[in-house]
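There are 2 protein chains.
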Amino acid sequence: MSKVSPTAVSDRAQQLLKLLVERYIREGQPVGSRTLARGQGMDLSPATIRNVMADLEDLGLVKAPHTSAGRIPTVQGYRLFVDSLLTVKPLQPAEVRGLQAKFEQAADPQQVLVTASSLLSEISAMAGVIMIPRREQPTVRQVEFIALSGNRVLVVLVLNGNQVQNRMITTSRRYSPAELTQAANYLNHALAGKDFTKVRDALLAEMRETQESINQLMLAAIDMANRTFQGGDEGGDYVLAGQTNLMGYAEMADIDRLRQLFDAFNRKRDILHLLDQAAHAQGVQIFIGEESGYEVLDACSVVTSPYEVAGEVVGVLGVIGPTRMAYDRLIPLVDVTAKLLGAALNQNQ
Amino acid sequence: MSKVSPTAVSDRAQQLLKLLVERYIREGQPVGSRTLARGQGMDLSPATIRNVMADLEDLGLVKAPHTSAGRIPTVQGYRLFVDSLLTVKPLQPAEVRGLQAKFEQAADPQQVLVTASSLLSEISAMAGVIMIPRREQPTVRQVEFIALSGNRVLVVLVLNGNQVQNRMITTSRRYSPAELTQAANYLNHALAGKDFTKVRDALLAEMRETQESINQLMLAAIDMANRTFQGGDEGGDYVLAGQTNLMGYAEMADIDRLRQLFDAFNRKRDILHLLDQAAHAQGVQIFIGEESGYEVLDACSVVTSPYEVAGEVVGVLGVIGPTRMAYDRLIPLVDVTAKLLGAALNQNQ
DNA sequence: GTTGGCACTCATATGGTGAGAGTGCCAACC
DNA sequence: GGTTGGCACTCTCACCATATGAGTGCCAAC
Numbered sequence: 001m002s003k004v005s006p007t008a009v010s011d012r013a014q015q016l017l018k019l020l021v022e023r024y025i026r027e028g029q030p031v032g033s034r035t036l037a038r039g040q041g042m043d044l045s046p047a048t049i050r051n052v053m054a055d056l057e058d059l060g061l062v063k064a065p066h067t068s069a070g071r072i073p074t075v076q077g078y079r080l081f082v083d084s085l086l087t088v089k090p091l092q093p094a095e096v097r098g099l100q101a102k103f104e105q106a107a108d109p110q111q112v113l114v115t116a117s118s119l120l121s122e123i124s125a126m127a128g129v130i131m132i133p134r135r136e137q138p139t140v141r142q143v144e145f146i147a148l149s150g151n152r153v154l155v156v157l158v159l160n161g162n163q164v165q166n167r168m169i170t171t172s173r174r175y176s177p178a179e180l181t182q183a184a185n186y187l188n189h190a191l192a193g194k195d196f197t198k199v200r201d202a203l204l205a206e207m208r209e210t211q212e213s214i215n216q217l218m219l220a221a222i223d224m225a226n227r228t229f230q231g232g233d234e235g236g237d238y239v240l241a242g243q244t245n246l247m248g249y250a251e252m253a254d255i256d257r258l259r260q261l262f263d264a265f266n267r268k269r270d271i272l273h274l275l276d277q278a279a280h281a282q283g284v285q286i287f288i289g290e291e292s293g294y295e296v297l298d299a300c301s302v303v304t305s306p307y308e309v310a311g312e313v314v315g316v317l318g319v320i321g322p323t324r325m326a327y328d329r330l331i332p333l334v335d336v337t338a339k340l341l342g343a344a345l346n347q348n349q
Numbered sequence: 350m351s352k353v354s355p356t357a358v359s360d361r362a363q364q365l366l367k368l369l370v371e372r373y374i375r376e377g378q379p380v381g382s383r384t385l386a387r388g389q390g391m392d393l394s395p396a397t398i399r400n401v402m403a404d405l406e407d408l409g410l411v412k413a414p415h416t417s418a419g420r421i422p423t424v425q426g427y428r429l430f431v432d433s434l435l436t437v438k439p440l441q442p443a444e445v446r447g448l449q450a451k452f453e454q455a456a457d458p459q460q461v462l463v464t465a466s467s468l469l470s471e472i473s474a475m476a477g478v479i480m481i482p483r484r485e486q487p488t489v490r491q492v493e494f495i496a497l498s499g500n501r502v503l504v505v506l507v508l509n510g511n512q513v514q515n516r517m518i519t520t521s522r523r524y525s526p527a528e529l530t531q532a533a534n535y536l537n538h539a540l541a542g543k544d545f546t547k548v549r550d551a552l553l554a555e556m557r558e559t560q561e562s563i564n565q566l567m568l569a570a571i572d573m574a575n576r577t578f579q580g581g582d583e584g585g586d587y588v589l590a591g592q593t594n595l596m597g598y599a600e601m602a603d604i605d606r607l608r609q610l611f612d613a614f615n616r617k618r619d620i621l622h623l624l625d626q627a628a629h630a631q632g633v634q635i636f637i638g639e640e641s642g643y644e645v646l647d648a649c650s651v652v653t654s655p656y657e658v659a660g661e662v663v664g665v666l667g668v669i670g671p672t673r674m675a676y677d678r679l680i681p682l683v684d685v686t687a688k689l690l691g692a693a694l695n696q697n698q
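Protein chains in written order, with my numbering: chain C, 1 to 349; chain B, 350 to 698.
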């Protein structure tokens, strides 16, 4: 991706590009020299504007879909626009308060995430996505066995990151409360705070030598942890909202490409990788068109921001929409939502 | 919906309708008299077939998109076809075994449901859906409090239907294990097996008079149950797979209608209502086009079957696709999957 | 450097035309 | 009376030609 240095473009040309991109984002039509001349902000004749636009085209910042159409921005054009030309439209304080109010209605962390992604998608009229990144080090904090009726036992696993998993198992015989506590204690002692993958095998080997009666419980617990962390290894998970909003955009009308995009949403992998990249950047990051590196997102832009809990980045959120999106509104939206989400999670922990 | 009695249609006409529907389902093109005459099974001249087709059109079983096109089945035509004319193509034993194998790989009930819906969508190349209907009577089977590090307590609720819910709360002070057990015992005694909504208020009133120190825990538990059952009141939930398959069909090409359909999937309500209806029927049930009563499904057919655990209907599953679907293959597929799902859940309980 | 003029290009809309598929109806046949 | 071939008719679709209009590039003049 050849990046165009702003210095290579005259001030006037930049100003023109800015007007062109703004207009194109607003109207969605290729914009021609005449239209641009009529609009205020630039007092030049169409002919002059044509000259400048030819320069911009040579630099690869705009292109014409065909000879007799106006110009539309290229990816590089959008890039220069968002990097150096954009005047962001910050959210109104009232809007921020509105968002805040919505966040306060959510009870548990999962709820907060769902709220946030819905908000992003509703306000942007595009798709909103929130990622919870992979656990750094898979640890089991605590194991508990709860006796249920019959021969059934509920296994509860508390993992790092305050996640809880449970599974019900039916055992071959009835265990006494004392046995259950003993098994839990044993596992808690063995697993406590350590990297699960490292202690697992030792634990399994050790268990082969101890009494078999308890094994069934412990095996179930270990199997559970195994499965959970295996899933976690794929790189976290995300909450998505408002995919269907994307079906309204003319630039996404190609149903086959749209389908591929939706499939990618379901597959999750590509989207997760992309969000993962954004986790290491700080502040709002923007992927325009092919910049993302994923073919399914060629016609899309993604605006992301990491969000923090207790001063540490724990995830990334963002909006996905057509490259022709209102960057000036979306950047502050994503930024503010990230901050509010972090705050909400902080309180909610 | 005027139902056409089979007796009002001559045997030959029925036979012809059958061939017509089969061919249309196969080719997707309006079928004309000439085409139908060439195909075997009916040794009549195109002219005769035209006469019969005119009768079928008068009865509202087929219609012509325009004067010089062949005929396509109407909803009533499909109805008669599936009710009286269809010869189902049962699954091969090998296929059944293949399905069974997939089911055996799934560990927990949730996994089983996901597997089943994926299977349905993959084999049908349409959307697969599995519903877990609303709890008949909201009961809390068991409550447990688990002490975590710090002032945190994990509240675990076991509900009827073997569902488990948990939430982590931070308490104002540290509780001793004895206190936790005491609180759990108290709640377990009060809630045990009873209709939650009925005991809730009495319990809350009673708690106002007992020691306050324990209340925080109990309130959290009651609040959790409240929220869960409130969600449950909406009428269960479902697992959906392969929505994107629907984007491949020409008859669903209208992106606006498709969007409405996807929105309905997310909204869940309409689809749940529909599936709910199918729960009371026994065996495979089919909703063709507008028969479903939901506008978003006008261009779709839904093939459903309830599934049973321990002899009792616990949910419904089905496939959703364009009205022009291979009913002869889908009916046995849905039927068998329902049985396998029931069996898998039985084992997995 | 800026501007008006002009020839040129190309997407889009419009209308006409012909081929092809399929119908309905009628008269003839078994 | 049911069945059939024949025939005129209808309608979609693909194709072509034409016109329109938006926009361009280039040039000469200011």
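All residues carry an ideal CB built from backbone N, CA and C; glycine is no exception.
In the displayed model, residue 168 of chain C falls within a strand according to three-state DSSP. Closer than 9 Å to the CB of residue 521 of chain B there is not a single CB belonging to chain C. Look at residue 619 of chain B: its C-beta is not under 9 Å from any C-beta on chain C.
The shortest C-alpha to C-alpha distance from residue 183 of chain C to any of C:59, C:47 and C:145 is the one to C:145. When Cβ pairs closer than 8 Å are counted between the two stretches, the segment 75 to 89 of chain C is seen to touch the segment 328 to 343 of chain C, the count reaching three or more.
Counting only residues of its own chain and dropping the five nearest sequence neighbours on each side, residue 266 of chain C has no CB closer than 6 Å to any other CB. As the crow flies, the alpha-carbon of residue 69 of chain C is around 7 Å from that of residue 32 of chain C. When rounded, the separation of the alpha-carbon atoms in residue 543 of chain B and residue 537 of chain B is 10 Å. The alpha-carbon of residue 226 of chain C is positioned some 22 Å away from that of residue 503 of chain B. In the structure shown, residue 307 of chain C falls within a strand segment according to DSSP collapsed to helix, strand and coil. Distance between residue 685 of chain B and residue 630 of chain B, taken at the CA atoms: about 16 Å. In this chain, the alpha helix (DSSP H) harbouring residue 442 of chain B covers 442 to 454. At least 9 Å separates the CB of residue 335 of chain C from every CB of chain B. Contact annotation for residue 227 of chain C against chain B: 456 [CB-CB distance below 8 Å, chain order]. For residue 598 of chain B, the three-state secondary structure derived from DSSP is coil. For residue 123 of chain C, the nearest beta carbon of chain B is not closer than 9 Å to its own beta carbon.
In this structure, the beta-carbon distance from residue 466 of chain B to residue 594 of chain B does not fall below 9 Å.
Between the C-alpha atoms of residue 222 of chain C and residue 158 of chain C there is a straight-line separation of about 12 Å. When beta bridges are read from the DSSP output, residue 480 of chain B appears opposite B:587 and B:665. In summary, the residues of the segment 493 to 524 of chain B whose CB is separated from some CB of chain C by less than 7 Å are 493, 495, 497, 503, 505, 507, 511, 513, 515, 516 and 517, in the order they occur in the chain. DSSP links residue 139 of chain C through a beta bridge to C:195. In the three-state DSSP reduction, residue 180 of chain C falls in the helix class (H, G or I). Straight-line spacing of the CA atoms in residue 121 of chain C and residue 568 of chain B works out to 34 Å.
Secondary-structure assignment with DSSP links residue 71 of chain C through a beta bridge to C:31.
Here the segment 294 to 308 of chain C lies against the segment 248 to 261 of chain C, with 3 or more beta-carbon pairs under 8 Å apart. Put simply, the segment 362 to 382 of chain B touches the segment 407 to 427 of chain B. At least three CB pairs are less than 8 Å apart. Taking 8 Å as the upper bound for CB-CB distance, residue 100 of chain C and residue 258 of chain C are not in contact here, some 34 Å apart.
The residue among B:590, B:641 and B:367 with its C-alpha nearest the C-alpha of residue 627 of chain B is B:641.
Within chain B, no residue has its beta carbon less than 7 Å from that of residue 182 of chain C; the closest one is some 15 Å off. Between the C-alpha atoms of residue 58 of chain C and residue 261 of chain C there is a straight-line separation of about 32 Å. Taking a 10 Å sphere around the C-beta of residue 166 of chain C, we find 16 or more other C-beta atoms and assign the residue as buried. Residue 523 of chain B sits exposed, since fewer than 16 C-beta atoms from the chains shown fall within 10 Å of its C-beta.
With respect to residue 152 of chain C, residue 170 of chain C sits close: the two C-beta atoms are nearer than 9 Å. For residue 683 of chain B, the enclosing alpha helix (DSSP H) starts and ends at 676 to 696.
Rounded to whole angstroms, the gap between the alpha carbons of residue 391 of chain B and residue 385 of chain B is 8 Å.
For residue 23 of chain C, not one C-beta of chain B is nearer than 9 Å to its own C-beta.
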